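Enquirer: In this note's numbering, the protein residues as written are 3 to 260. All C-beta atoms in this analysis are idealised placements derived from N, C-alpha and C, irrespective of residue type, glycine included. For clarity, every value in this text was computed on a predicted model and none was experimentally measured.
(1) What is the rounded straight-line gap between the Cα of residue 149 and the Cα of residue 177?
(2) For residue 60 and residue 222, what's the separation of their Cα atoms in angstroms?
(3) Here's the rule: buried if 16 or more other CB atoms are within 10 angstroms of the residue's CB, otherwise exposed. What is residue 102?
(4) So, for residue 3: in the same chain, excluding its five sequence neighbours on each side, which residues have a beta-carbon less than 8 Å away from its beta-carbon?
(5) Over the uninterrupted beta strand (DSSP E) stretch that includes residue 98, give me the two end residues.
(6) Quick check: the Cα distance between residue 34 and residue 70, rounded to an integer number of angstroms?
(7) Under a Cβ-count criterion, where at least 16 other Cβ atoms within 10 Å of its own Cβ denotes burial, should residue 144 be classed as buried or exposed?
(8) Under 8 Å, do residue 189 and residue 97 count as touching if we go by C-beta distance?
(9) Starting from residue 225 and walking both ways along the alpha helix (DSSP H), at which residues does that stretch end?
(10) Measuring CB to CB, does residue 196 end up less than 8 Å from residue 104?
(11) At which residues does the beta strand (DSSP E) containing residue 22 begin and terminate?
(12) Using the rule of at least 16 other Cβ atoms within 10 Å of the residue's Cβ for burial, across every protein chain shown, is residue 48 buried or exposed?
(13) Quick one: using the 10 Å Cβ neighbour count with 16 as the cut-off for buried, is residue 121 buried or exposed?
(14) Just the Cα atoms here: how many angstroms apart are residue 207 and residue 107?
(15) Determine the closest residue to residue 174 out of 185, 100, 167, with distance taken between C-alpha atoms.
(16) If the criterion is Cβ atoms closer than 8 Å, does the pair residue 232 and residue 141 meet it?
(17) For residue 115, count the other beta carbons within 10 Å of its own beta carbon; 16 or more makes it buried, fewer makes it exposed. Which is it?
(18) Excluding the 5 residues preceding and the 5 following residue 153 in the sequence, name in chain order all residues of the same chain whose CB lies nearer than 8 Å to its CB.
(19) Considering only C-alpha positions, which residue in the set 250, 146, 200 is nearest to residue 73?
(20) Need the endpoints of the beta strand (DSSP E) that residue 107 sits in, please.
(21) Thinking residue 200 and residue 179 are a contact (beta carbons under 8 Å), I'd like their distance in whole angstroms, please.
(22) So, helix, strand or coil for residue 72, using DSSP?
(23) Work out the CA separation of residue 187 and residue 22 for me, nearest whole Å.
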C-alpha cells in the first residue's frame with residue numbers, strides 16, 4: 003500500500019454506522035505491522051467519536067483477514083512478541099468497546115483473522131467464506147484472545163478439538179457450530195442494516211454491561227498473558243521455523259516436537 007493510512011479505510015454514514023475496512027487485498031488483509039497499528043488507531047478514534055454509534059468491521063477484496071503476516075514470521079520471539087502485543091491491544095479494545103461491533107466476514111478468515119471476528123458482538127458470514135483455526139499448522143498456539151472469545155460461543159471441549167484439528171469451516175459448518183450468527187449474500191449490507199437497528203438503543207447500559215461481562219469472565223487478560231508466555235516459546239521453536247520455511251517453499255512441514 004502507498005501509505006500506512008491506506009491499509010484501513012474508514013467511512014461513516016450520517017446516521018452513525020462506521021464501516022472499517024481492512025485494506026490490503028493482495029495479501030488477503032494479513033495482519034502486517036502497519037495494518038495492526040492503523041487498526042488500533044482507528045478503533046481508538048472511533049470509540050471516542052460521538053458520531054460513531056455502531057462499528058462494522060470487514061475486509062477488502064476476496065478475504066476478511068488471513069491472520070498473521072507469514073512473511074514477517076520466523077524472526078524469533080524478540081521480533082514477534084512486540085508485534086503480538088499490538089494484537090493484544092486490539093483484542094482488549096474490542097472486548098470492552100463502548101459501542102456495538104459487527105463483523106461482516108466477506109471472505110476467508112484464518113488464524114488471528116478468526117480471533118478478530120469472534121471479538122465482535124455479531125458475526126455475519128458470506129456464503130463462500132471460510133473460517134480456519136489453523137494456528138497449529140504454523141507451529142503456534144491460538145492467539146489474539148481466541149481461546150477466550152471462542153469459549154463465549156462454544157464449550158471448552160469443542161474449542162480444544164477445533165484447535166487440535168486445525169479445523170477449517172465453510173459457511174454452513176460455521177453457522178451450525180455456532181461460530182457465526184448468520185450467513186448472508188450481501189454480507190456488508192446485511193451487517194450495516196443490523197448496525198442501523200442498534201442505533202436507537204441507549205449506549206451506556208450496553209458499554210457497562212459488556213465491561214461487566216469481561217470482568218466477570220475474568221479470562222481475557224489471563225488468556226493474553228498465557229499467549230505471551232506460550233508464543234514466546236513457540237516463536238523460537240524449531241517447529242515454527244519449519245512451518246514458516248514450508249509455507250514459503252510450498253511444501254508440507256515436518257514437525258519434530260522441538
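Expert: Taking the geometry as given:
(1) Within the chain shown, the letter at position 147 stands for residue 149. Within the chain shown, the letter at position 175 stands for residue 177. Rounded to whole angstroms, residue 149 and residue 177 show a C-alpha spacing of 19 Å.
(2) Here residue 60 refers to the residue found at position 58 of the chain shown. Here residue 222 refers to the residue found at position 220 of the chain shown. Taking the straight line joining both Cα atoms gives about 23 Å.
(3) Numbered from its first residue, the chain shown carries residue 102 at position 100. A residue is called buried when at least 16 other Cβ atoms come within 10 angstroms of its Cβ; residue 102 meets this threshold and is buried.
(4) Here residue 3 refers to the residue found at position 1 of the chain shown. Annotation note: pLDDT 39 at residue 3 (below 50); position unreliable, no value reported.
(5) Mapped onto the chain shown, residue 98 falls at position 96. Careful: residue 98 lies outside any beta strand (DSSP E) and carries neither H nor E.
(6) Taking the first residue of the chain shown as position 1, residue 34 is located at position 32. Taking the first residue of the chain shown as position 1, residue 70 is located at position 68. Looking at the two C-alpha atoms, the distance is approximately 7 Å.
(7) The residue labelled residue 144 in the question sits at position 142 within the chain shown. By the Cβ neighbour-count rule, residue 144 is buried, with 16 or more other Cβ atoms within 10 Å of its own.
(8) Walking along the chain shown from the start, residue 189 turns up at place 187. Walking along the chain shown from the start, residue 97 turns up at place 95. Contact annotation: residue 189 and residue 97 have beta-carbon atoms that are not nearer than 8 Å.
(9) For the purposes of this step, residue 225 is taken as residue 223 along the chain shown, with counting starting at 1. Counting along the chain, the alpha helix (DSSP H) containing residue 225 begins and ends at 222-237.
(10) What you label residue 196 is simply residue 194 of the chain shown in a count that begins at 1. What you label residue 104 is simply residue 102 of the chain shown in a count that begins at 1. Yes, the pair counts as a contact, with Cβ atoms nearer than the cut-off.
(11) As a first step, residue 22 must be located in the chain shown, where it is residue number 20. 19-24 is the extent of the beta strand (DSSP E) around residue 22.
(12) As a first step, residue 48 is located in the chain shown; it is residue number 46 there, counting from the start. Under the 10 Å beta carbon count, residue 48 is surrounded by 16 or more other beta carbons and is classified as buried.
(13) Your numbering for residue 121 matches position 119 in the chain shown. Buried, because 16 or more other Cβ atoms sit within 10 Å of the Cβ of residue 121.
(14) As a first step, residue 207 is located in the chain shown; it is residue number 205 there, counting from the start. As a first step, residue 107 is located in the chain shown; it is residue number 105 there, counting from the start. Taking the straight line from one Cα to the other gives about 27 Å.
(15) The sequence position of residue 174 within the chain shown is 172, counting from 1. Answer by Cα proximity: 185.
(16) Here residue 232 refers to the residue found at position 230 of the chain shown. Here residue 141 refers to the residue found at position 139 of the chain shown. Going by C-beta atoms, residue 232 is not nearer than 8 Å to residue 141.
(17) Here residue 115 refers to the residue found at position 113 of the chain shown. When all chains shown are included, residue 115 counts as buried.
(18) Reading the chain shown from its first residue, position 151 is the one you call residue 153. Within the same chain, residue 153 has close Cβ partners 161, 221.
(19) Residue 73 sits at position 71 when you count from the first residue of the chain shown. Ranking 250, 146, 200 by Cα distance to residue 73 puts 250 first.
(20) Translated into positions along the chain shown, residue 107 becomes position 105. Element bounds for residue 107: 103-107.
(21) For the purposes of this step, residue 200 is identified with residue 198 of the chain shown, where counting begins at 1. For the purposes of this step, residue 179 is identified with residue 177 of the chain shown, where counting begins at 1. No, residue 200 and residue 179 are not in contact; Cβ-Cβ is about 24 Å, not under 8 Å.
(22) Translated into the one-based positions of the chain shown, residue 72 becomes position 70. Helix.
(23) Along the chain shown, one-based indexing puts residue 22 at 20. Along the chain shown, one-based indexing puts residue 187 at 185. Approximately 19 Å, taken between the alpha carbons.
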